[in-house]
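In what follows, a single structure is set out as structure tokens and then discussed.
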């Protein structure tokens, strides 16, 4: 346990060193500091985990210092290690280290090499603060830290204004969710008098039962905060544009850090959500709608990274469906398996992009199977895990457990029965767009000359992640469930009769996913001309445009929020308040100008003016007399 703080300290030291000497450090030195600091973090995370298991998997706390003390509110910089934080810590440091190793190869020759790794190190440190903090104030510090780092990394190529806009968009949209989370923290402190996570989780059933409406708003605000970080509808629009950053950034955001924060928060605060079944159902509905929208969007994308981005959004939808169905452990295990195969897919896509001279359009690639069998194997394993190919991939053991749990929950609450079929439809779409991606890139006609790629820092991380994405990683499931049980994360339990039906529902989901794979083979391997013909029709082109733009959320938000904001900014840019104060001097100047023009020196005009004034005064006196009577 004494090693725990070092998991955060090493990446922070790496950040400071790289930030201080970013324009002076040679690439090799920056690479050693950047990757080495996270490697040391992973090592001490392993030591802390071994110590945790030796001590019987009992939750442990490490108080470092008191952050501040204001009016009795004194959150500590204190770390908490239990099964859930151990799982998250291992995923962040382990997968994060592999991504850092790959990045040392991918980013060679880029400007500001050290600056990139300084942001990368800070990203890992912030995520560790988020998952290890024992109170919500410290969690929120890490929460904002990963938001800041996402902005810095998405906009890494800031010379291109489009990348800057993508970074601003990600920062702004996720800040909307952060405001909701901050409101939730205020509500929790009002009700519990503390932000200590353990105290809130232990006493939620008693405290929140006192006022259901307040409990409803609290859990809703918590979920909306999670939805912003994990790109769930309606706060999902930032994720696809986040592909503007270098590919290792996409891997780190999608696999090991930022987007998993929302799932972690919901599972950590499960007892709060369980006091409001309405919010639990809303969480599952949101996840189901998100995975369906993202699936259709991924089906027509041409950018290799955007396809994977929408697939991430879809898989996060499955995790939130699991949270809403109270299948927390299934959702967390899918989060772990998703970290493996999505890191593999993103890093493999980065290698493909470099092999094709930074080309990202899959229809300008082609023929890669005949040039690089290793990359094909990585993509096939990662894509198979994404599509949940049975038995041979880790995705099968995690995704279908979620669908089975949702089906089982549907036996008592009809809504979940409908959501099960939405999840099955999402699995069908996943198989189609995954096969489309692999077929076009590896077996399509070569459109861009292939460039040979090599290096141990390129193939070693991919090889490790490929192994972790196969069915061999199933053996991680039992240890993961054991540590989650030790953390008192509820296991999903059903009767034997329902369990038999649940397995049947899982098998049906597998069958439909395989049917989707078969449809993908037919459409893109044998009948692609027919697909292109349909896409050329007005109906097909319109449908593709709707899906390509992810059902127009960006256009809607632009119309409802962005344009009115710009109009208000334009009006305020002219400073109307200051202009209002200029009315008084304008009146005085106008009066002066009018009276000045009356000074003509003509006796006739002066006599006429005096006569008119006398008449006006007499009329005023008459009116006063009449009104007085």
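In this note's numbering, the protein residues as written are -16 to 612. Backbone N, C-alpha and C define an ideal beta-carbon position, used for all residues, glycine too.
The Cβ atoms of residue 315 and residue 248 lie no closer than 9 Å to each other. Per the coordinates, the alpha-carbon of residue 166 lies some 27 Å from the alpha-carbon of residue 148. Around the beta-carbon of residue 57, fewer than 16 other beta-carbon atoms lie within 10 Å, marking it exposed.
Secondary structure in the segment 177 to 201: the alpha helix (DSSP H) runs of 4 residues or longer, each lying completely within the stretch, are 180 to 190 in chain order. Per the Cβ contact rule, the segment 58 to 74 is in contact with the segment 106 to 120 (3 or more Cβ pairs under 8 Å).
Cβ contact annotation for residue 267 (same chain, cutoff 8 Å, sequence separation greater than five): 303, 304, 306, 307, 308, 389, 398, 399, 402, in chain order. Of the residues 422, 535, 483, 331, the one whose Cα lies closest to the Cα of residue 444 is 331. About 21 Å separates the beta carbons of residue 242 and residue 282, which is beyond the 8 Å limit, so they are not a contact pair. DSSP places residue 48 within a strand segment (E or B) once states are collapsed to three. In the DSSP assignment, residue 62 falls within the beta strand (DSSP E) that extends over 59 to 64.
Using a Cβ-Cβ distance cut-off of 8 Å, the segment 19 to 38 and the segment 209 to 222 are not in contact, since fewer than three pairs of beta carbons, one from each stretch, lie closer than that value. Between the alpha carbons of residue 552 and residue 558 lies a gap of roughly 10 Å.
Within the segment 88 to 144, the complete alpha helix (DSSP H) segments of 4 residues or longer fall at 96 to 115, 119 to 137, listed in chain order. Residue environment: residue 587 is assigned as exposed (fewer than 16 neighbouring CB atoms within 10 Å of its CB, all protein chains considered).
Note that the segment 339 to 348 does not touch the segment 460 to 475; fewer than 3 beta-carbon pairs, one per stretch, sit closer than 8 Å. Contact between residue 132 and residue 89 fails: their C-beta atoms lie close to 18 Å from each other, not under 8 Å. In this structure, residue 1 sits near residue 104, with a CB-CB distance shorter than 9 Å. If one requires a minimum length of 4 residues, the alpha helix (DSSP H) runs lying completely within the segment 455 to 514 are 460 to 469, 479 to 504, in chain order. Contact between residue 225 and residue 233 holds, with the beta-carbon distance rounding to 7 Å and staying under 8 Å. When beta bridges are read from the DSSP output, residue 56 appears opposite 53. DSSP places residue 30 inside the alpha helix (DSSP H), whose first and last residues are 10 to 37. If only complete runs of 4 or more residues are kept, the segment 356 to 394 shows the alpha helix (DSSP H) at 356 to 369, 377 to 392, in order along the chain.
In the assembly as shown, residue 49 is an exposed residue. Its beta-carbon has fewer than 16 other beta-carbons within 10 Å.
Judged by DSSP in its simplified three-state form, residue 43 adopts strand. Contact annotation: residue 291 and residue 329 have beta-carbon atoms nearer than 9 Å.
Proximity of the segment 412 to 432 to the segment 68 to 84 falls short of the contact definition, fewer than three beta-carbon pairs being nearer than 8 Å.
Non-local beta-carbon contacts of residue 321 in its own chain, meaning distances under 6 Å to residues more than five positions away in sequence, involve 298 in chain order.
Secondary structure note for residue 561: its alpha helix (DSSP H) is the uninterrupted segment 559 to 564.
By the Cβ-count criterion, residue 563 is exposed, with fewer than 16 other Cβ atoms from all chains shown falling within 10 Å of its own Cβ. When secondary structure is reduced to three states using DSSP, residue 344 falls in the strand class. The C-beta distance from residue 382 to residue 301 rounds to 6 Å, short enough to meet the 8 Å contact threshold. Secondary structure in the segment 524 to 581: the alpha helix (DSSP H) runs of 4 residues or longer, each lying completely within the stretch, are 536 to 540, 546 to 556, 559 to 564, 566 to 580 in chain order. The alpha-carbon separation between residue 536 and residue 364 amounts to approximately 32 Å. Closest in C-alpha terms to residue 216, from the list -2, 273, 38, 174, comes 273. Between the segment 493 to 509 and the segment 69 to 78, the count of C-beta pairs closer than 8 Å stays below three; the two stretches do not touch. Contact annotation: residue 150 and residue 135 have beta-carbon atoms nearer than 9 Å.
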